[in-house]
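A quick write-up on the structure given underneath.
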Amino acid sequence: MPDENKRKTDPRFFFKTVYQKFQQAEKSTSHLSKCFFRIGDSTICFRFAGSGLKPQMLPAIEHMMVPANAQADLTICAFDTDTTKINIPDPPWSSTLERGTLPGYSDKRISTAFFIDSCILAMLNMDKHLAVYWIKNSKNLPYNERCFPARALLHWWFRHNKKQIAHAAAVGTPEGGILLAGKRGSGKSTTALSCLNTDLMYAGDDYILLSLNNPPRVYSLSSSAKLNPDSLKKLSLSMPRLGVREKINNKSIVFVNSHYPEKIISSFPLKAVFIPAITTREKTKLIEISPAKALLSIAPSTVIPLPGTDSRDFDYLGDLVSKVPNYIIELSNNAEEIADCIKVFLSKH
Amino acid sequence: MKNIRINQPTVIYKILGDEAVLINYENGKYYWVEKIAASLLSSLEQGIYEIDSLGERLSNRYNIKGIDISKDINDFIEQLRAESLIVDDDNIISNSRPASESPNQPLEKLPYEKPILHVFDDMQELIKLDPVHEIDGRGWPHLMDK
Chain A
1 MPDENKRKTD PRFFFKTVYQ KFQQAEKSTS HLSKCFFRIG DSTICFRFAG
51 SGLKPQMLPA IEHMMVPANA QADLTICAFD TDTTKINIPD PPWSSTLERG
101 TLPGYSDKRI STAFFIDSCI LAMLNMDKHL AVYWIKNSKN LPYNERCFPA
151 RALLHWWFRH NKKQIAHAAA VGTPEGGILL AGKRGSGKST TALSCLNTDL
201 MYAGDDYILL SLNNPPRVYS LSSSAKLNPD SLKKLSLSMP RLGVREKINN
251 KSIVFVNSHY PEKIISSFPL KAVFIPAITT REKTKLIEIS PAKALLSIAP
301 STVIPLPGTD SRDFDYLGDL VSKVPNYIIE LSNNAEEIAD CIKVFLSKH
Chain B
350 MKNIRINQPT VIYKILGDEA VLINYENGKY YWVEKIAASL LSSLEQGIYE
400 IDSLGERLSN RYNIKGIDIS KDINDFIEQL RAESLIVDDD NIISNSRPAS
450 ESPNQPLEKL PYEKPILHVF DDMQELIKLD PVHEIDGRGW PHLMDK
């Protein structure tokens, strides 16, 4: 049966098999729904089968929801085995799993990732503008997938559409805003959330979407923010509506859209990249830095965790930081004063 | 002749002006270099793979004032090799001179500073969280027994 085996190891055949299982899952459960979202310039439809995934994935992205009669550019079929009782076949491939991706199971049109800790399969078929997202047990959906659902699929989709996902926060107004990039604990989230008390708007904290238009643009991807207990305590004093969804690994997850929906902005032109640095200064200060120094802050935490990244993602981010000015923002301990500094900068640029 | 090249695709890099950033997917480390170190990467990018030619090119580009920079260059190359950012490859054919370099227009020499590789390892935990897994005959990939 060599032809049969060859067929089974074809990524397109396996994609079709998993999609058929999704269709079976749709028939097996009364928990069905379709939700449409406008993300970047794409309309993305999530088709949920089963009750396990939707309540966990929706809070981070519901601020981008659009009416259900929209025409989808990409449809993501999401299901789990625990609430639909539909399993998917074992993988037919013999390969090595490298940082979530299956090199022998991805090509220019099909992308495949498997997350071993949580048993999630994500496959995108660019020819059909269709993706499948399956988890064996929805109770095991990791917090990072709740904060930014289907990240691998969206990363691949937007890369095909000449946009780039980046690990950064973003605040601004419809006229323009800034990216806050840096590793965990650098003050990125605290700075972004401090702006909720001002007339600056919030596009995101964890991951955002970028385009290299002229000027470059920022798009919201998720309204989740992760805060350590000290930061949350400080921010809660001035922002009493800020509520915690849950706590994981000593970090509190906040869905900004649930508490400050009027402060969310879907997109703005990018004016600059700011790299926060926590200091004991009384006054916030901006220090201009080279594009390479900005790339050093934004690229590693973007390309290392996302599956299937390569030099194209690095080049994209390199081109972005070359198009806008880049600064270190030395943060004072006064959240209001930090937001003022950002506002003053934006008023001049 | 000893030839070296950047260890792509395991290593990704971007040269911006006289600085460069590199990421090694294998160990999760990332790196920043500037000046002569970035020039060396730029020469590799332009197809100068022979270590001797690289040294010669950098000597012509920087004001070395009689300093023998070969030890600095060799030490730096050894560091790059130790971090698996470059690999030896004697099958690769080195350009004698990149197209962008004109022999008739000598560039103004730049001040020489010893090349330094700045290493950052704070993202390594993410690589360790999701390392390479061999997929065996047990169906879906399994975490290796600890």
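Chain order of the listed sequences is A and B. Quick note: the first sequence uses our numbering, first residue 1, plus one each step. Quick note: the second sequence uses our numbering, first residue 350, plus one each step. Each residue gets a CB set at the ideal place from its N, CA and C atoms; glycine is no exception.
- Looking at the DSSP output, His-467/B sits in a beta bridge with Trp-381/B.
- Secondary structure within the segment 224 to 305 of chain A: the alpha helix (DSSP H) runs of 4 or more consecutive residues, fully enclosed, are 229 to 238, 256 to 259, 291 to 298 and 300 to 303 (chain order).
- Residue environment for Glu-145/A: buried (at least 16 other C-beta atoms within 10 angstroms of its C-beta).
- Counted as a single uninterrupted DSSP element, the stretch harbouring Arg-146/A is not any beta strand (DSSP E) but the alpha helix (DSSP H) occupying residues 143 to 147.
- In this model, Leu-74/A and His-129/A are separated by some 5 Å (Cα to Cα).
- For the segment 358 to 381 of chain B, the residues whose beta carbon sits under 8 Å from a beta carbon of chain A are, in order, Pro-358, Ile-361, Tyr-362, Lys-363, Leu-365, Gly-366, Glu-368, Ala-369, Val-370, Ile-372, Tyr-374, Gly-377, Tyr-379 and Trp-381.
- Within 10 angstroms of the beta-carbon of Phe-46/A lie 16 or more other beta-carbons, which makes it buried.
- Ala-299, Pro-300, Ser-301, Val-303, Ile-304, Pro-305, Asp-310, Ser-311, Phe-314, Asp-315, Gly-318 and Ser-322: these are the residues of the segment 298 to 324 of chain A whose beta carbon lies less than 7 Å from some beta carbon of chain B, given in chain order.
- If one requires a minimum length of 4 residues, the alpha helix (DSSP H) runs lying completely within the segment 384 to 416 of chain B are 385 to 394 and 400 to 410, in chain order.
- The continuous alpha helix (DSSP H) containing Gln-56/A extends over residues 54 to 61.
- Leu-393/B has its alpha-carbon roughly 45 Å from the corresponding atom of Cys-195/A.
- Counting only runs of at least 4 residues, the segment 110 to 173 of chain A fully encloses the following alpha helix (DSSP H) elements, listed from N- to C-terminal order: 143 to 147 and 151 to 160.
- Around Glu-368/B, the same chain offers Glu-383 and Ala-387 as residues with beta carbons nearer than 6 Å, after the five sequence neighbours per side are excluded.
- Scanning its chain for C-beta atoms nearer than 7 Å, with the 5 sequence neighbours on each side dropped, one finds around Glu-375/B the residues Thr-359 and Ser-433, in chain order.
- DSSP places Glu-337/A in no beta strand (DSSP E) but in the uninterrupted alpha helix (DSSP H) bounded by 335 to 348.
- Here Gly-308/A really is in contact with Ala-152/A; their C-beta atoms are around 7 Å apart, less than 8 Å.
- Counting C-beta pairs with one atom in each stretch, the segment 174 to 189 of chain A and the segment 273 to 281 of chain A have three or more that are closer than 8 Å, which means they touch.
- Taking C-beta atoms as the reference points, Gly-404/B and Asn-444/B fail to come closer than 8 Å.
- Residues of chain A with a Cβ closer than 7 Å to the Cβ of Asp-471/B are, in chain order, Lys-183.
- The three-state secondary structure of Tyr-19/A, taken from DSSP, is helix.
- In the DSSP assignment, Tyr-316/A falls outside any beta strand (DSSP E) and lies within the alpha helix (DSSP H) extending over 311 to 323.
- In the structure shown, Asp-80/A falls within a strand segment according to DSSP collapsed to helix, strand and coil.
- Listed in chain order, the positions of the segment 44 to 69 of chain A with a beta carbon within less than 7 Å of a beta carbon of chain B would be empty, since no residue qualifies.
- For Ser-51/A against Thr-83/A, the beta-carbon gap comes to about 5 Å, under 8 Å, which counts as contact.
- Within chain B, no residue has its CB atom less than 8 Å from the CB of Ala-78/A, the nearest being about 18 Å off.
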